[in-house]
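J.:
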Amino acid sequence: MQMILRLHRLSSWLHRARMGPLSRAVDGLSRVIFAASAPGRAHIGDNVFFHHSGLGVVINQSSVIEDDCEIGVHVVLGGRAPEIGAPHLERGVIVHAGARIIGPVRIGAGAVVGANAVVLEDVPSGALSVGVPAVVKRLDLNRREYGHTASPR
1 MQMILRLHRL SSWLHRARMG PLSRAVDGLS RVIFAASAPG RAHIGDNVFF HHSGLGVVIN
61 QSSVIEDDCE IGVHVVLGGR APEIGAPHLE RGVIVHAGAR IIGPVRIGAG AVVGANAVVL
121 EDVPSGALSV GVPAVVKRLD LNRREYGHTA SPR
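Taking the numbering used here, I'd label the letters of the sequence shown as residues 1 to 153.
1) Does the beta-carbon distance from V95 to I102 come in below 8 Å?
2) Report the three-state DSSP secondary structure of E70 (helix, strand or coil).
3) Reducing DSSP to helix, strand and coil, say where S23 ends up.
4) If I'm right that G108 touches A86 with Cβ under 8 Å, what's the distance once you round it to whole angstroms?
5) Starting from F34, follow its DSSP beta bridges and name the residues at the other end.
6) Is I107 close to the ligand PLP? I mean its beta-carbon at under 7 Å from any heavy atom of the ligand.
7) Quick test of your reading: E90 and R80, contact by CB under 8 Å. State the CB separation rounded to the nearest angstrom.
8) Between the beta-carbon of V118 and the beta-carbon of A134, is there less than 8 Å?
9) Based on the DSSP secondary-structure assignment, which residues constitute the bridge partners of S129?
10) So for I59, helix, strand or coil by DSSP?
This is the structure we're talking about:
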């Protein structure tokens with residue numbers, strides 16, 4: 001398991017055990033080591049892979065990242081005031097480097113968000129979303145072509 005996930009799990013456990021100051025201290029340690037923010041209140045599922053140890057990743061405390069997702073460097077999962085809520089990444093989502101997913105949006109299972117995309121609306125399952133603001137460019141894609149284990153052509 002990657003170190004950023006270990007720190008997140010520890011912070012999450014401390015938060016659930018009502019040790020808020022210690023939980024925030026572990027969050028601060030993650031910020032210093034990885035320049036990343038993955039607060040203990042955020043839900044991060046199993047087998048989530050952070051490229052380059054999650055360098056520069058910022059995750060809103062209300063965000064949900066389900067199992068088997070991939071998160072690139074400098075990704076932001078943030079809120080969008082005055083709306084209440086944060087992004088929800090369903091199982092198997094891939095978010096490439098520099099993408100911004102803002103507000104209470106849902107990224108469907110197996111979807112891919114392209115590099116530097118700014119997602120402000122829901123993305124359906126199995127879709128490729130790219131651009132600023134992001135638009136769906138392709139449906140029913142093969143997720144394996146976009147993941148970190150994809151073979152070069």
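Don't be surprised by glycine CBs; every beta carbon is placed ideally from N, CA and C.
T.: Reading from the atomic positions:
1) no
2) strand
3) helix
4) Between A86 and G108 the Cβ distance is about 16 Å, and since that is not below 8 Å, they are no contact.
5) Note: F34 sits in no beta bridge, so no partner.
6) Absence of the ligand PLP is noted for the structure shown, with no ligands found whatsoever.
7) Their Cβ separation, rounded to whole angstroms, is 19 Å, which puts E90 and R80 out of contact at 8 Å.
8) yes
9) V113 and V136
10) strand
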